[in-house]
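Asks:
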Amino acid sequence: VLTDSGELGLWIQALRYSDLMGTSLYRTVYDPRFGFFTYPFPALYYNLKAIFTQMIFAPNSQGVFISELQAEPWALPDKPLIDTPIDKQAELFPLKKLQETVHFTARTGIEKQYLWGVEWWYYMKGQGHPEFWEEARKLFVQ
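Residue numbers for the sequence shown follow our numbering, beginning at 3 and rising by one.
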C-alpha cells in the first residue's frame, strides 16, 4: 500500500508501484494565502480519477481506497488543535460538516474508507460534545 493526496497528487506512481493505493480526502484545508478553503471537486472526481489513472498507468493495481477521510477540523495555523478552545473546534468542524462529508464520500463510488478523526470525536465527547460520537453511531448503522 502506498498513499497519495486525493486533491493534489497525480496517483500515477502510487498506483503503479503498489498493489493497492490509499488516498486522502480532505475537502476543507487551510492555505496561508486564502485562509480556509474547500476544494471544488465533485464526488465523482475521485472515482473517475481512480478509474482512469488505474486503467492507463496501473492496470494490474487492485484499486484505490480512501485512507484518510477528513472527519475532524483542520487546525488553525497558529496553534495545534489541542490548544484550540472546544467551542472553536466545534465551529471549525460542526456536526453538519461530518454528515456532509460522509454523504459526499458515499457518492465517490470508492467503497473502502477510513475516517481520520475518530479520536477527536471521543475527545469531544469527554469535553461535553457527544454529538459527533452519537452521530457516528447513526451514520454507520446505515
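Glycine is no exception: its CB is placed at the ideal position from the N, C-alpha and C atoms.
(1) Is DSSP giving Thr86 helix, strand or coil here?
(2) Report yes if the CB atom of Glu74 is closer than 7 Å to the CB atom of Phe95, and no otherwise.
(3) Would you report the Cα separation of Ile88 and Met126, rounded to the nearest angstrom?
(4) Quick one: using the 10 Å Cβ neighbour count with 16 as the cut-off for buried, is Asp6 buried or exposed?
(5) With H, G and I counted as helix, E and B as strand and the rest as coil, what does DSSP make of Thr110?
(6) What are the partner residues of Trp118, as DSSP defines its beta bridges?
(7) When you compare only the Cα positions, how much space is there between Val3 and Leu22?
(8) Anyone know if the C-beta pair for Ala77 and Leu83 falls short of 7 Å?
(9) Would you mind stating whether Ala60 and Arg18 have Cβ atoms separated by less than 7 Å?
(10) Considering only DSSP beta bridges, list what Leu27 is partnered with.
(11) Could you give the first and the last residue of the continuous alpha helix (DSSP H) run that contains Phe59?
(12) Nearest by alpha-carbon distance to Leu50: which of Lys81, Asn62, Gly8 is it?
Replies: On the basis of the data shown:
(1) Taking the first residue of the sequence shown as position 1, residue 86 is located at position 84. DSSP places Thr86 in coil when its eight states are reduced to three.
(2) By one-based count along the sequence shown, residue 74 stands at place 72. By one-based count along the sequence shown, residue 95 stands at place 93. It is a contact, given that the beta carbons lie within the stated cut-off.
(3) Numbered from its first residue, the sequence shown carries residue 88 at position 86. Numbered from its first residue, the sequence shown carries residue 126 at position 124. When the Cα atoms are used, Ile88 and Met126 turn out to be separated by approximately 8 Å.
(4) Start at 1 with the first residue of the sequence shown, and residue 6 comes out as number 4. Buried, by the Cβ-count rule.
(5) Here residue 110 corresponds to residue number 108 of the sequence shown, with the count starting at 1. Three-state result, Thr110: coil.
(6) To locate residue 118, count along the sequence shown from 1; it is residue 116. Trp118 pairs with Gln72.
(7) As a position in the sequence shown, residue 3 is number 1, starting the count at 1. As a position in the sequence shown, residue 22 is number 20, starting the count at 1. Each residue's alpha carbon lies about 5 Å from the other.
(8) Along the sequence shown, one-based indexing puts residue 77 at 75. Along the sequence shown, one-based indexing puts residue 83 at 81. Yes.
(9) The residue you call residue 60 lines up with position 58 of the sequence shown. The residue you call residue 18 lines up with position 16 of the sequence shown. Yes, Cβ-Cβ distance for Ala60 and Arg18 is below 7 Å.
(10) Counted from its first residue, the sequence shown places residue 27 at position 25. In DSSP, Leu27 forms a bridge with Leu71.
(11) For the purposes of this step, residue 59 is identified with residue 57 of the sequence shown, where counting begins at 1. Unbroken alpha helix (DSSP H) run through Phe59: 45-59.
(12) On the sequence shown, residue 50 is found 48 positions in, with the first residue counted as 1. Residue Gly8 is the option with its Cα nearest to Leu50.
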